[in-house]
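Report on the structure given below.
Numbering (UniProt numbering), first residue to last: 1 to 800.
This is the structure we're talking about:
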């Protein structure tokens, strides 16, 4: 293959920089080949997405809507589609957070609001302060080919926010500092006259001379023989179906039917062929997949005639081929992205397959379905062109003028060209990058990675939210909280942000020399010293105070909000510490990219938040919570209106036995005691009697411990569940049930009862299922191997 400088430049931008890229080019310039080369050769962690199911299958990726869980309605700016998205699984979130590169194929068909929707998701899960969350975006496509689909009612909603429907009008694209590269070498067509005509059609500048040359192929009455292998390209589905059905009915042989084999998940809208395929001897067909065998006998778009049909194969004779092709079933794969547990690499997981004879009736096909295909002989029926790029797509499928027949003359009326696309393409051509921009971008990429490693801006949002939640809910949040939060913010996050900003300015000064940061001894020396400083400061002023926080609240909404931000802060801390500790020996781009991914994927389970604990037996606390819940449900009131968490702990500590003693408990005023005092005292007295505690609040007798408490203490002494069951003459299931009751109080960690891998698997499936009423309903929707007890324990742990 001859040297292709534009393609080489694009490859270097992918591997050596973090610049967002738009790779375009005329039809036949190898854009799809370029995509597969990146996929096979790049060291970056990537996913491939496309706007339609067929495009995604062809690109060996997934659809934009499925990966980013987008709604199919318009996505308005500043109104994230979260409410319309399914809940993201932990695996999907980890994949997004660890991505270096997102490839979007057939970008010409991606609407502006959809690209902004991708930006919203990437910011949400990766970095809220950077466009596309800081990931590199590679957009591949030709804007002079098929345009996005937008209905009038949808455009009426989008028009106030976007100048055009095209992706380049999106807010994210305008912020993304995109480098555009046009691939110029045409592989499909060789004839210079034909290439010139195609360029003029593409840009709506068809000259009279070119029109005359093109229209010499006009032959409205042309009727090819079946041996010639012509295919008609037309504008509408019904016209293509009419031609195919008419020609099929002319054949006297009996129809043969092939039923597709579908396994796993495969959306009907993405079927690459008919589920029930009808063929006949003598039918003209087109191969719709490249031959997966080593012989490579056929390719996507090759035309031939059926000469033989058996139960499991179809024999096809193609023009100019000496041998007939015995065609058996081929399989299309539907993939999902997941993470390899051992290597932590993003892997393509087969979730469904579609197996069918890779042939389609091919007397006619729509221009839309022909995009990406190549034909040696084609009849173009573009009279009813109704969309931008249709005529160009149809003509550019052909390899030569000699194999082209026009049913209608090509005039300016048949060439629909959007002027905004032309203007954009002119800017692309005028601003083509060179080696100097590549070198400068490579240097800035390395600087950006160093700055990212020492960036503490992402910590600011969760710590600020935690402080805000605390001050708005001081009365319901108990424990040692605010002083530690303030230390984390002032002495940790804000202080390190200032130092980081100063270090960034120093780096930019030092890097003015024309040398890459990873090759600069001066930058390496400053880098290692900075890592040592930031690591120590992070441990002392973020990790230590975070570990010291103890909190408790009986307000479920406050608890959920506080816990969410607490977990977010803790997760960011774990990622930062992991990365800093791995980079103490100096900076190398490749090493840091690996460390950055592993910092997301190799985290331990989040540390359990310390709770304000009662000095007394947790059994009483559970009894009082159960009592409070029964009253709350009966009277339809909030739990804290009965008694607060602080009051509950005080009752467990003081064990009030009379109304006077209950009134002395913090938070228990006359009204509450009058309403609920009798039931509370009854529960406390019953507990004291059962456990041998006298009225002077003496310690309960050891021989009066509850059965669950005995199980708990035996397990904590080091006995396994089986050993405890044997010791107590109870079943293992009963022992598991006893121990599970201590998960809500935090006295037993769920990981003491099951291994981490099993826990993650169960939790991920629960999160994917979403809200489900009842354990039985949940059991029906998850892996059948999960037991009721395992589901119950994981659910309990998720409520902490």
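All C-beta atoms, glycine included, are put in the ideal place defined by N, C-alpha and C. Note that the coordinates shown come from a computational prediction; the quantities given were computed from them, not determined experimentally.
{"query": "Counted within 10 angstroms of its Cβ, other Cβ atoms place residue 621 as buried (16 or more) or exposed", "result": "buried"}
{"query": "Beta-bridge partners of residue 315, as assigned by DSSP", "result": "308 and 326"}
{"query": "Which of helix, strand or coil DSSP assigns to residue 799", "result": "coil"}
{"query": "Chain-order list of residues whose beta-carbon lies under 8 angstroms from that of residue 799 (same chain, five-residue window excluded)", "result": "744"}
{"query": "Inter-stretch contact (C-beta, 8 angstroms, three-pair minimum) for the stretch 575-585 and the stretch 430-437", "result": "no"}
{"query": "Unbroken beta strand (DSSP E) run spanning residue 49, endpoints", "result": "46-50"}
{"query": "Through-space distance from residue 393 to residue 235, alpha-carbon basis", "result": "11 angstroms"}
{"query": "Inter-stretch contact at 8 angstroms, needing at least 3 Cβ pairs: the stretch 177-187 / the stretch 119-129", "result": "no"}
{"query": "Completely contained beta strand (DSSP E) runs for the stretch 145-192, where each covers 3 or more residues", "result": "179-183"}
{"query": "When 646, 225, 291 and 685 are compared against residue 659, the one with the closest alpha-carbon", "result": "685"}
{"query": "At least three beta-carbon pairs within less than 8 angstroms, the stretch 729-739 to the stretch 757-770", "result": "no"}
{"query": "Continuous alpha helix (DSSP H) stretch holding residue 783: start and end", "result": "Segment: none, residue 783 is in no alpha helix (DSSP H) and carries neither H nor E."}
{"query": "Simplified DSSP assignment, three categories, for residue 31", "result": "helix"}
{"query": "Buried versus exposed call for residue 249 [16 or more other C-beta atoms within 10 Å across all chains shown]", "result": "exposed"}
{"query": "Chain-order list of residues whose beta-carbon lies under 6 angstroms from that of residue 84 (same chain, five-residue window excluded)", "result": "At residue 84 the pLDDT is 47, less than 50, meaning the model places this residue with poor confidence; the figure from the coordinates comes in the next sentence. Hits under 6 angstroms: 71."}
{"query": "Exposure label - residue 374; buried when at least 16 CB within 10 Å", "result": "buried"}
{"query": "Burial state of residue 19 (16 or more Cβ within 10 Å)", "result": "buried"}
{"query": "Residues that residue 381 bridges to, as DSSP identifies them", "result": "234"}
{"query": "Delimiting residues of the alpha helix (DSSP H) encompassing residue 767", "result": "756-769"}
{"query": "Beta-carbon spacing of residue 804, residue 110 below 8 angstroms", "result": "Any question about residue 804 goes unanswered here, given that the chain covers just 1 to 800."}
{"query": "For residue 588 and residue 312, the rounded distance between their alpha carbons", "result": "55 angstroms"}
{"query": "Euclidean distance between Cα positions of residue 254 and residue 260", "result": "20 angstroms"}
{"query": "Rounded straight-line distance, which links the Cα of residue 486 to that of residue 90", "result": "30 angstroms"}
{"query": "Rounded C-alpha distance that separates residue 789 from residue 718", "result": "22 angstroms"}
{"query": "Reduced DSSP secondary structure (H/G/I, E/B, other) of residue 264", "result": "strand"}
{"query": "C-beta contact flag for residue 493 and residue 534 at 8 angstroms", "result": "no"}
{"query": "Check whether residue 400 and residue 194 have beta carbons under 8 angstroms apart", "result": "yes"}
{"query": "Per DSSP, the bridge partner or partners of residue 218", "result": "406"}
{"query": "Residue 724, buried or exposed, once every other Cβ within 10 Å from all chains shown has been counted against 16", "result": "buried"}
{"query": "Span of the alpha helix (DSSP H), counted from its first residue to its last, around residue 286", "result": "No alpha helix (DSSP H) holds residue 286; the beta strand (DSSP E) holding it covers 284-287."}
{"query": "Start-end ranges of the alpha helix (DSSP H) lying completely within the stretch 347-371, minimum 4 residues", "result": "367-370"}
{"query": "Three-state secondary structure assigned by DSSP to residue 23", "result": "strand"}
{"query": "Nearest to residue 32 (by Cα), restricted to the options 44, 17 and 48", "result": "48"}
{"query": "Bridge-paired residues (DSSP) for residue 111", "result": "166"}
{"query": "Cβ contact check for the stretch 295-306 and the stretch 278-287: 3 or more pairs under 8 angstroms", "result": "yes"}
{"query": "Run of the alpha helix (DSSP H) containing residue 534, from where it starts to where it stops", "result": "521-538"}
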